[in-house]
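Peer 1:
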């Protein structure tokens, strides 16, 4: 089994979000970057397949040289090798096109992506990638098993779960649940040391036209101060929710 | 040329998000000088769509489409868009629609923007405002392709009635075997319970509730309000509540009309996940809890006294107002 795990390099979930250059760019100043959490759940599942079923795990990121620290972390967690497509990830379609080339070149039969990245929240790369490749695709997976050439996936649906089966090759959109939070691994010293010697190949991008562009960013309007209601006057809370907010 | 929407029909009626989509599409169609066509799959009575601005309904009926299947449904939407020559295709933000949207986009060689929260900033060039950075910012995205696919965030537009009736016609689609390569083995769906995805009101509990044995009052408060129950990340990590209830940045997103947080301090990741909710109420003993900074209404005090009293008062209120 050859697994490709696609990772995004995103601001840490606690990062303060600011914009710069006339609100046309995300301000990376002072921001800590991490492996996109949805991708890290998928990566951890891939490492499980490696340890239990002998899978070979490659991680890939589309980004500039500044993402290599994030890629090395994925290697330290246990991926065998890494690829960086040397391009600015302008939009989801452009990224999917690059990843499709990587998949074709490496003949991967299982591709695991996070269902969405926590920076642009586009939620489009896994589905577009699967469509470009003609691979089967299951999104929002909270469970994944692979036996031979068959995959069994559990997908989250509104109000429950659904169990599906499909043949490889497949693209899996992962999220929390494909492994649990407690299964995530913090790289140990040995992992970090061996990660330094693992291959990180840089590929040049193929030509692809982005179909969207980020024109501008805005921060949410400042919030007006909270209205405090005394615990002895809950009638007032009900009154406000009914007459002012009109939500009950 | 019409604006095409895919309207989800479930348990005998259109989902509220489908009617919201119709309302939203009508406004866009008006500014483009065109009409709204809705495509439905195995839907019953489609008259509700006309009430919310749909001019024409393409009814697809096929037993093979009994259960949602992303590839096959994406094919349905693609063929409907091609039949109508639609340049703008709009989907809702349910799990199913978000699953198929990128497949639809590739099929139509379209650009795609998800999480759209308002009418387009401009229709030429086509620019939309969308939530990004887990609700910590907005992003104005321009779709430069000929056909555009967008997904409207839930509860971001609301329902707007229009005077009209939709003309319904049967629409035959061509499906191939490859559309059904993925087989559904089983579904495990809670019935008779409001889900977080569909809920207008969500009542959520945090570590301040001290233990799973204290969730009775959260469930009762939810039941009085017709709300879904949810919880913070530590609560699901401690296994006090099922993971399916975890809301926040790595859990489920919430875009309810009313979000009530009980005993949740308001970590930045939690806020990110629920911030798309319109009105937020926080009940917490600690007046310094960060949640008070983002809430609309707050009660500082002991949840174990406040929640039961609130339940009693809400029952009285409901009895007098229904």
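Residue numbers (the working numbering), protein chains in the order written: chain F, 19 to 266; chain D, 5 to 326.
All C-beta atoms in this analysis are idealised placements derived from N, C-alpha and C, irrespective of residue type, glycine included.
Remember, it's a predicted structure, so these values are computed and weren't measured experimentally.
1) Using the beta-carbon count (16 or more within 10 Å), is residue 204 of chain F buried or exposed?
2) Tell me, please, whether the stretch 64-76 of chain D touches the stretch 133-144 of chain F by the rule of three or more beta-carbon pairs shorter than 8 Å.
3) When the Cβ atoms of the stretch 28-48 of chain D are set against those of the stretch 6-14 of chain D, are three or more pairs found closer than 8 Å?
4) Taking the DSSP output, what are the residues bridged to residue 104 of chain F?
5) What is the DSSP secondary structure of residue 265 of chain F, reduced to helix, strand or coil?
6) Give the residues of chain F in contact with residue 190 of chain D, contact being defined as C-beta atoms less than 8 Å apart.
7) Please confirm whether residue 8 of chain F has its beta-carbon closer than 9 Å to some beta-carbon of chain D.
8) Rounded to whole angstroms, how far is the Cβ of residue 177 of chain D from the Cβ of residue 96 of chain D, which I believe are closer than 8 Å?
9) CB residue 198 of chain D to CB residue 157 of chain D, shorter than 9 Å?
10) Would you kindly report the start and end of the unbroken alpha helix (DSSP H) that includes residue 274 of chain D?
11) Measuring alpha carbon to alpha carbon, tell me which residue in F:152, F:256, F:89 and F:227 is nearest residue 210 of chain F.
12) Taking 9 Å as the cut-off, decide whether the C-beta atoms of residue 132 of chain F and residue 192 of chain F are in contact.
13) Output, in chain order, the set of chain D residues within a Cβ distance shorter than 9 Å of residue 32 of chain F.
14) Beta carbons nearer than 9 Å to chain D: which residues of the stretch 134-149 of chain F have them?
15) Please list, in chain order, the chain F residues whose beta carbon lies closer than 9 Å to that of residue 242 of chain D.
16) Specify the secondary structure class of residue 58 of chain D as computed by DSSP and reduced to three states.
17) Going by beta carbon distance, what residues of the same chain come within less than 7 Å of residue 50 of chain D, once the five residues before and after it are set aside?
18) Let me see if you follow: with CB-CB separation under 9 Å, is residue 174 of chain F close to chain D or not?
19) Counting only beta-carbon atoms, is residue 127 of chain F nearer than 9 Å to chain D?
20) So, for residue 224 of chain D: in the same chain, excluding its five sequence neighbours on each side, which residues have a beta-carbon less than 6 Å away from its beta-carbon?
21) Return the chain-ordered ranges of every beta strand (DSSP E) run that is complete within the stretch 10-88 of chain D and spans a minimum of 3 residues.
22) Could you tell me which residues DSSP pairs with residue 191 of chain D in its beta bridges?
23) Give me the subset of the stretch 148-165 of chain F whose CB atoms are less than 9 Å from a CB atom of chain D, sorted by chain position.
24) Roughly how many whole angstroms lie between the Cα atoms of residue 150 of chain F and residue 289 of chain D?
25) Whole angstroms are fine: how far does the CA of residue 208 of chain D sit from the CA of residue 229 of chain D?
26) Hey, quick one: how far does the beta strand (DSSP E) through residue 118 of chain D stretch, first residue to last?
27) Any beta-carbon of chain F closer than 9 Å to the one on residue 116 of chain D?
28) Counting contacts by CB-CB distance shorter than 9 Å, is residue 27 of chain F in contact with chain D?
29) Taking the alpha carbon of residue 116 of chain D as the point to measure from, which residue in D:154, D:271, D:71 and D:233 has its own alpha carbon closest?
30) Which residues, in chain order, does the stretch 293-319 of chain D contribute to contact with chain F at a C-beta distance below 8 Å?
31) If contact means a Cβ-Cβ distance below 7 Å, which residues of the stretch 256-271 of chain D contact chain F?
32) Can you list the beta strand (DSSP E) stretches of 3 or more residues lying completely in the stretch 140-168 of chain D, in chain order?
33) May I have the straight-line CA-CA distance separating residue 74 of chain D from residue 118 of chain F, to the nearest angstrom?
34) Just checking: is the beta-carbon of residue 106 of chain F within a distance shorter than 9 Å of some beta-carbon in chain D?
35) Just checking my contact of residue 125 of chain D with residue 112 of chain D at CB under 8 Å: how many whole Å lie between their CB atoms?
36) Pull the bridge partners of residue 221 of chain F from the DSSP assignment, please.
Peer 2: So, to answer that:
1) By 1-based counting over the first chain, the position of residue 204 of chain F is 186. Exposed.
2) no
3) yes
4) Start at 1 with the first residue of the first chain, and residue 104 of chain F comes out as number 86. DSSP output for residue 104 of chain F lists F:81 as bridge partner(s).
5) The residue given as residue 265 of chain F occupies position 247 in the first chain. Residue state, collapsed to three classes: coil.
6) Indexing the second chain from 1 puts residue 190 of chain D at position 186. Simply 180 and 181.
7) What is shown of chain F runs 19 to 266, which leaves residue 8 of chain F out entirely.
8) Within the second chain, residue 177 of chain D is the residue found at index 173, counting from 1. Within the second chain, residue 96 of chain D is the residue found at index 92, counting from 1. Not a contact, Cβ separation roughly 20 Å.
9) Along the second chain, read from residue 1 onward, the residue named residue 198 of chain D stands at position 194. Along the second chain, read from residue 1 onward, the residue named residue 157 of chain D stands at position 153. No, these two residues do not count as a Cβ contact at 9 Å.
10) Here residue 274 of chain D is taken as the residue at index 270 of the second chain, counted from 1. First-last of the alpha helix (DSSP H) with residue 274 of chain D: 272-278.
11) The residue labelled residue 210 of chain F in the question sits at position 192 within the first chain. Checking every option, the nearest Cα to that of residue 210 of chain F belongs to F:89.
12) On the first chain, position 114 is the one that residue 132 of chain F refers to. On the first chain, position 174 is the one that residue 192 of chain F refers to. Yes; because the gap between Cβ atoms is below 9 Å, this pair is in contact.
13) Within the first chain, residue 32 of chain F is the residue found at index 14, counting from 1. Residues of chain D passing the Cβ test: 271, 272 and 273.
14) 134, 136, 137, 138, 139, 140, 141, 142, 143, 144, 145, 146, 147, 148 and 149
15) One-based indexing of the second chain puts residue 242 of chain D at position 238. Simply none; closest approach about 11 Å.
16) Translated into positions along the second chain, residue 58 of chain D becomes position 54. Coil, per DSSP.
17) The residue you call residue 50 of chain D lines up with position 46 of the second chain. Here the set comprises 44, 61, 63, 170 and 172.
18) Taking the first residue of the first chain as 1, we reach residue 174 of chain F at position 156. So, interface residue.
19) Here residue 127 of chain F corresponds to residue number 109 of the first chain, with the count starting at 1. It does not; no Cβ of chain D falls within 9 Å.
20) Numbered from 1 along the second chain, position 220 holds the residue referred to as residue 224 of chain D. Cβ within range, chain order: 315.
21) 40-45 and 60-64
22) The residue given as residue 191 of chain D occupies position 187 in the second chain. Paired residues: F:180.
23) 148, 149, 150, 152, 154, 155, 156, 157, 158 and 160
24) As a first step, residue 150 of chain F must be located in the first chain, where it is residue number 132. As a first step, residue 289 of chain D must be located in the second chain, where it is residue number 285. Their backbone Cα atoms lie some 53 Å apart in a straight line.
25) Mapped onto the second chain, residue 229 of chain D falls at position 225. Mapped onto the second chain, residue 208 of chain D falls at position 204. Roughly 13 Å between the two C-alpha positions.
26) If you number the second chain from 1, residue 118 of chain D lands on position 114. It spans 115-120 - the beta strand (DSSP E) in which residue 118 of chain D sits, taken as one unbroken run.
27) Indexing the second chain from 1 puts residue 116 of chain D at position 112. At least one chain F Cβ lies under 9 Å of residue 116 of chain D.
28) On the first chain, position 9 is the one that residue 27 of chain F refers to. No, residue 27 of chain F lies away from the interface with chain D (no Cβ there is under 9 Å from its Cβ).
29) For the purposes of this step, residue 116 of chain D is taken as the residue at position 112 of the second chain. Of the candidates D:154, D:271, D:71 and D:233, the one whose C-alpha sits nearest the C-alpha of residue 116 of chain D is D:154.
30) 296, 297, 298, 299, 300, 301, 302, 303, 304, 305, 306, 309, 310, 313, 314, 317 and 318
31) 261 and 262
32) 141-147 and 152-156
33) Reading the second chain from its first residue, position 70 is the one you call residue 74 of chain D. Reading the first chain from its first residue, position 100 is the one you call residue 118 of chain F. Taking the straight line joining both Cα atoms gives about 20 Å.
34) As a first step, residue 106 of chain F must be located in the first chain, where it is residue number 88. Chain D contact via Cβ: absent.
35) To locate residue 125 of chain D, count along the second chain from 1; it is residue 121. To locate residue 112 of chain D, count along the second chain from 1; it is residue 108. Not confirmed; about 22 Å, so no contact.
36) Here residue 221 of chain F refers to the residue found at position 203 when the first chain is read from its first residue. Paired residues: F:103.
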